[in-house]
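Q: One structure follows; several queries about it will come next.
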Amino acid sequence: PYIISVTGTKGKTTISRLLSHIYTSHGYSTLLVDTDGHSFNGEQRSTKEESEQLYGLLPATCPGKFLYELRNQPRPIAILETAFLSGSIYGIGYFSHDIGIFTNVFEDHIGRNVKTPQEMAARKARYIFTQISANGTAVFNADDALVASQLNKLPHLWPVNLLPVGFAMKHFDIDTHLKSGGHALTMQSNWLGIISSSGFTPVLDPKRISWTFDGQFKPSLYNLLFALAAIFAKNEYTKIRPADLTAILNYQLSETGGRLTVFRHKGLTAIVDYAHEKQSLKEIGRLAKQLSTNKTIGIIRLQPSRADELIKETGRFIANDFDTVIVYDKVDG
Numbered sequence: 151p152y153i154i155s156v157t158g159t160k161g162k163t164t165i166s167r168l169l170s171h172i173y174t175s176h177g178y179s180t181l182l183v184d185t186d187g188h189s190f191n192g193e194q195r196s197t198k199e200e201s202e203q204l205y206g207l208l209p210a211t212c213p214g215k216f217l218y219e220l221r222n223q224p225r226p227i228a229i230l231e232t233a234f235l236s237g238s239i240y241g242i243g244y245f246s247h248d249i250g251i252f253t254n255v256f257e258d259h260i261g262r263n264v265k266t267p268q269e270m271a272a273r274k275a276r277y278i279f280t281q282i283s284a285n286g287t288a289v290f291n292a293d294d295a296l297v298a299s300q301l302n303k304l305p306h307l308w309p310v311n312l313l314p315v316g317f318a319m320k321h322f323d324i325d326t327h328l329k330s331g332g333h334a335l336t337m338q339s340n341w342l343g344i345i346s347s348s349g350f351t352p353v354l355d356p357k358r359i360s361w362t363f364d365g366q367f368k369p370s371l372y373n374l375l376f377a378l379a380a381i382f383a384k385n386e387y388t389k390i391r392p393a394d395l396t397a398i399l400n401y402q403l404s405e406t407g408g409r410l411t412v413f414r415h416k417g418l419t420a421i422v423d424y425a426h427e428k429q430s431l432k433e434i435g436r437l438a439k440q441l442s443t444n445k446t447i448g449i450i451r452l453q454p455s456r457a458d459e460l461i462k463e464t465g466r467f468i469a470n471d472f473d474t475v476i477v478y479d480k481v482d483g
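With the working numbering as the guide, the letters of the sequence shown map in order to residues 151 to 483.
This is the structure we're talking about:
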């Protein structure tokens, strides 16, 4: 099958589900593996709990274990959320992917299996970059220094296309890339689009998508850029078709962006999200102030498995992003 693998600290699930929706709507036999289990053509076939019972692994660890769903299927495509443990003894469960998407590296899971963000980036690059097939595509965050630092992990024995994504792209030589015939996905004049040596081609107005919150919520803009980049690469760098954009627009789920949900009731607006490291929590604080007509209250849980200094640094980093901050903890079970 054609395989798109997605890794990074944030955005994996949203990007994977969006791409699965797009290719299912296009009539592909579509396998999706994400945090909650695996699905085929939009129908869930197993849960996270079943994956743990059957394999002893989370679904996104060695996600190739679900590729049996695509045997003898017409136009097969696999969208695989790939967790960082796949860079250890478990592997990814398949030989190579056609597109490897590396979203970002934030200070999450530090202090357990990895000691530094640099080590985390290297481990993720070990499977997302090194396993790209010949003439495949590396879609990567050119705004993230840790991601860009791992481009040396790309295969040297066969050609791989680079497709940077970002706003400033200060950690990648974008000018040389474009002059040599390359492309990139970015945002200009409030439009998401494609840049090349001939200029910028607008593709999508993010304000048409509710979960970008009038085009202001940066994590959602990144997720859209990564999805558009994957579509562009699969279309052999020619275009993003109207059918692709229609599928993206049809993915609007009220005011839900991935696992971020907004509730409104009697003058109160509540944002529920899985943000659990400092950069993502800061973005939630910015969104809260954008939506608020009064004060903002951040109610935050940080897992006790995180290193103490990481928890303290998170507190220092977000302390001024809410009017009131409540931090709580619980022991699972």
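Every residue gets a Cβ at the ideal spot worked out from N, C-alpha and C, and that includes glycine. These numbers were taken from a predicted model, which means no experiment stands behind them.
Beta-carbon separation of Ala275 and Phe245 under 8 Å?
A: No, the pair does not count as a contact, with Cβ atoms beyond the cut-off.
Q: Can you check the segment 212–279 for any beta strand (DSSP E) of at least 3 residues that lies completely inside it and give the ranges in chain order?
A: Whole beta strand (DSSP E) segments, 3+ residues: 226–231, 247–252.
Q: What do you reckon, is the C-beta of Val475 under 7 Å from a heavy atom of the ligand HEM?
A: You won't find the ligand HEM in this model; it holds no ligand whatsoever.
Q: With DSSP run on the structure shown, which of helix, strand or coil describes Gly448?
A: Strand, per DSSP.
Q: My output table needs one value for Phe472: the three-state DSSP class, helix, strand or coil.
A: In this structure, Phe472 counts as coil in the three-state DSSP scheme.
Q: Per DSSP, Thr351 forms a beta bridge with which residues?
A: Bridge partners of Thr351: Ile344.
Q: May I ask which residues mark the beginning and end of the beta strand (DSSP E) holding Leu182?
A: Leu182 -> beta strand (DSSP E) spans 179–184.
Q: So, at 8 Å on beta carbons, what are the nonlocal neighbours of Ala272 in its own chain, with the 5 sequence-adjacent residues on each side left out?
A: Same-chain partners within the cutoff: Gln300, Lys303.
Q: So, with DSSP's three-state summary, where would you put Ala425?
A: In the structure shown, Ala425 sits in coil (DSSP, three-state: anything other than H, G, I, E or B).
Q: Between Pro201 and Arg195, is the Cβ-Cβ spacing less than 8 Å?
A: Checking the displayed sequence, the identity of residue 201 turns out to be Ser instead of Pro. Contact flag unset, no.
Q: Can you tell me whether Thr174 is buried or exposed? The criterion is at least 16 other CB atoms within 10 Å of its CB, across all chains shown.
A: So Thr174 counts as buried.
Q: Where does the unbroken beta strand (DSSP E) through Asn285 begin, and where does it stop?
A: Start and end: 282–291.
Q: I need the DSSP call for His188, collapsed to helix, strand or coil.
A: His188 falls in the strand class under three-state DSSP.
Q: Quick one: Cα of Val289 to Cα of Lys368, how far?
A: Cα-Cα distance, rounded: 18 Å.
Q: My output table needs one value for Ile359: the three-state DSSP class, helix, strand or coil.
A: Of the three classes helix, strand and coil, the one that applies to Ile359 here is coil, per DSSP.
Q: Within the same chain, show all residues whose beta-carbon is closer than 7 Å to that of Gly483, passing over the 5 residues directly before and after it, in chain order.
A: Low local confidence applies: a pLDDT of 47 at Gly483 is under 50, so the model's placement there is unreliable, and no value is given.
Q: Out of curiosity, what's the CA-to-CA distance linking Ser455 and Ser430?
A: Their Cα atoms are separated by approximately 18 Å.
Q: Please name the residue in Gly286, Pro305, Gly349, Gln268 whose C-alpha comes closest to that of Ile294.
A: Checking the displayed sequence, the identity of residue 294 turns out to be Asp instead of Ile. Per the Cα distances, Gln268.
Q: Give the C-beta separation of Ile154 and Ala397 to the nearest angstrom, bearing in mind that I take them to be a contact with Cβ-Cβ under 8 Å.
A: With a Cβ gap of about 15 Å, Ile154 and Ala397 do not count as contacting.
Q: Is it true that the CB of Asn291 sits closer than 8 Å to the CB of Thr159?
A: No.
Q: In three-state DSSP terms, what is Leu207?
A: If DSSP states are grouped into helix, strand and coil, Leu207 belongs with coil.
Q: Go ahead and pull the three-state DSSP assignment for Glu463.
A: Helix.
Q: So is Lys428 buried or exposed if we call it buried at 16+ other beta carbons inside 10 Å?
A: Result: buried.
Q: Can you tell me whether His327 is helix, strand or coil according to DSSP?
A: Helix.
Q: Give the secondary structure of Phe413 by DSSP, where H, G and I count as helix, E and B as strand, and everything else as coil.
A: Note: Phe413 maps to strand in three-state DSSP.
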